[in-house]
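Student:
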Amino acid sequence: MDTKQLRKWAEKYDVEKKTIEGFWYYINSFEKEEGEPFFDGNIDKSQLNLTLNNIGLFIDAWSKDSYRQYGYDYIISYLPVIHKEDHLGTYKMFFNLNGEICDDSFSPF
Numbered sequence: 003m004d005t006k007q008l009r010k011w012a013e014k015y016d017v018e019k020k021t022i023e024g025f026w027y028y029i030n031s032f033e034k035e036e037g038e039p040f041f042d043g044n045i046d047k048s049q050l051n052l053t054l055n056n057i058g059l060f061i062d063a064w065s066k067d068s069y070r071q072y073g074y075d076y077i078i079s080y081l082p083v084i085h086k087e088d089h090l091g092t093y094k095m096f097f098n099l100n101g102e103i104c105d106d107s108f109s110p111f
């Protein structure tokens, strides 16, 4: 498989920028709705290191028992969230093959 095509796709749809913007939207929306900080009080959000790490292409529902099923193949971008030297978790943004955002999540460590 030629991964250059996936890289071109990610550049075409500005996946890195959308993922970082999506992370901030996710955090800020949580804090606004819940009225509390997303991270512990000692985490300075301005000190977060956000660098897109991986992008993966997934075949949806290879098995009928698959955990997540969208009904279409999709791509996930992975954004590790680092504060100083601590890995706080990973933000994931899900895209359909047309470059539209279809889901996101944060997995803490």
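Under the working numbering, the letters of the sequence shown match residues 3 to 111, in that order.
In this text, a Cβ means the ideal position worked out from N, Cα and C, and glycines have one as well.
#1: Below 8 Å, how does it come out for the stretch 30–37 and the stretch 99–106: are there three or more Cβ pairs, yes or no?
#2: From what residue to what residue does the beta strand (DSSP E) around K112 run?
#3: What does the alpha-carbon distance come out to for the pair E87 and N51?
#4: Specify, as a first and last residue, the run of the beta strand (DSSP E) that S79 falls within.
#5: Among L81, E36, K47, which one has its Cα closest to the Cα of V17?
#6: Rounded to whole angstroms, what's the CA-CA distance from A12 to I45? Just pull it up for me.
#7: Using only alpha-carbon positions, find the residue among I61, G24, R9, L8 that is nearest to Y93.
#8: Can you list, in chain order, the residues of its chain with a C-beta nearer than 6 Å to that of S109? Leave out the 5 residues immediately preceding and following it.
#9: Which whole-angstrom value is the C-beta distance of Y15 and F97, which I expect to be below 8 Å?
#10: I need the DSSP call for T53, collapsed to helix, strand or coil.
Tutor: According to the data block:
#1: no
#2: The structure shown has nothing for residue 112, since the chain only spans 3 to 111.
#3: 9 Å
#4: 76–85
#5: L81
#6: 30 Å
#7: G24
#8: In chain order, G91, T92 place their CB closer than 6 Å to the CB of S109, counting only its own chain and leaving out the 5 sequence neighbours on each side.
#9: 7 Å
#10: coil
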